[in-house]
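**Student:** 1 is the number of the first residue of the sequence shown in my numbering; add one for each residue after it.
Shown below is the structure under consideration.
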Amino acid sequence: MLKAIIFDFDGVITDSEPVHLKMFQKVLKEMGISLNEKEYYEKYLGMDD
Numbered sequence: 001m002l003k004a005i006i007f008d009f010d011g012v013i014t015d016s017e018p019v020h021l022k023m024f025q026k027v028l029k030e031m032g033i034s035l036n037e038k039e040y041y042e043k044y045l046g047m048d049d
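Printed below as a string of structure tokens:
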């Protein structure tokens, strides 16, 4: 099981959002939760920690 994910792109080095989406989907799928691209961009894109 995935224990941690570290992100340090934030659009400066590369467009990391597609990678974030895939990782969110992978982790949530392991917990039985689905997340589609539309939901991700509406609810999570640009959110602060």
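Each residue gets a CB set at the ideal place from its N, CA and C atoms; glycine is no exception.
For Leu35, which three-state DSSP category applies?
**Tutor:** If you number the sequence shown from 1, residue 35 lands on position 35. Coil, per DSSP.
**Student:** So, at 7 Å on beta carbons, what are the nonlocal neighbours of Leu35 in its own chain, with the 5 sequence-adjacent residues on each side left out?
**Tutor:** The sequence position of residue 35 within the sequence shown is 35, counting from 1. Cβ within range, chain order: Phe24, Gln25 and Leu28.
**Student:** By alpha-carbon positions, which one of Met31, Ile5, Met1 and Gly32 ends up nearest to Val19?
**Tutor:** If you number the sequence shown from 1, residue 19 lands on position 19. Residue Ile5 is the option with its Cα nearest to Val19.
**Student:** Could you check which residue in Leu21, Thr14, Lys22 and Met31 has the C-alpha nearest to that of Met1?
**Tutor:** To locate residue 1, count along the sequence shown from 1; it is residue 1. Per the Cα distances, Met31.
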